[in-house]
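Worksheet: one structure, shown below.
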Amino acid sequence: MNHAEPHPQSSVLSTSQPSPSSLARDERGTTTVEYVILLVLVAVVGIAAWSHIGTALLEKVELATDAIRHLGR
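Numbering (this note's numbering), first residue to last: 735 to 807.
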């Protein structure tokens with residue numbers, strides 16, 4: 735009984751590796767990557783805007799507080 739079983743490594747060797755040009759044309763996952771990049775950019779802009787608005791708002795509140803204090807004197 736001579737069963738012709740392939741050598742365990744032959745299946746690994748017989749699988750073809752994708753060529754660099756086919757990898758360059760492969761667009762699977764690019765939409766996800768684009769959305770992640772966009773999300774990061776929106777988050778960075780949002781944090782910067784929130785920081786700027788928060789600082790400006792704090793200055794206005796401090797000015798109003800000082801004005802109210804001076805009214806009582």
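C-beta: ideal position from N, C-alpha, C; glycine also.
Secondary structure of E796 (DSSP, three-state): helix.
DSSP, reduced to helix, strand and coil, places S756 within a helical segment of the structure shown. Shown here, R803 sits in a helix according to DSSP, grouped into three states.
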